[in-house]
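Chemist:
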Amino acid sequence: MKIDDLLKKEMQNPEFASAYTLDKERSAAALALYHAREAAGLTQADLAERAGVPQTTIARIERGDNVSFNKLAEIAHAMGKKVYVKIA
1 MKIDDLLKKE MQNPEFASAY TLDKERSAAA LALYHAREAA GLTQADLAER AGVPQTTIAR
61 IERGDNVSFN KLAEIAHAMG KKVYVKIA
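Start counting the sequence shown at 1; every next residue gets the next number (full-length UniProt numbering).
(1) When the Cα atoms are used, what is the spatial distance from T56 to L22?
(2) So S18 is in the alpha helix (DSSP H); what residue range does that whole segment cover?
(3) Using beta-carbon positions only, say whether L47 and I58 come within less than 8 Å of one another.
(4) Reducing DSSP to helix, strand and coil, say where L47 ends up.
(5) Would you mind working out which of P14, S68, A78 and N66 sits nearest Q44, comparing C-alpha positions?
(6) Within 8 Å (strictly less), CB to CB, does H77 reach chain C?
(7) In whole angstroms, what separates the C-alpha of residue 89 from that of K9?
(8) Between G80 and Q12, what straight-line distance do the alpha-carbon atoms span, to the nearest angstrom?
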């Protein structure tokens, strides 16, 4: 069975679909922060210092752990960036 077929089948389960969607969105936020930090030439420690948060906070966000919008916005602002939300 191909992975696309398996995913299509699993997405018919509402619990799976909800969890999958949430995980995908968290991963997108994690990747966005990682790419923005890398583009700014900052290490996790550099960004943490600028944002006034522990380096472990940056690491947790970049690995996809849950984060509040406010915390993500604070970190983005520390890089001179803004957070945009799109509900599609």
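Every residue gets a Cβ at the ideal spot worked out from N, C-alpha and C, and that includes glycine.
Keep in mind that this is a model prediction, so the values were computed, not measured.
Modeler: The structure says:
(1) 22 Å
(2) P14 to A39
(3) yes
(4) helix
(5) A78
(6) Checking the listed chains, one finds no chain C in this structure; it contains a single protein chain.
(7) The requested residue 89 is not part of the displayed model; the chain covers only 1 to 88.
(8) 41 Å
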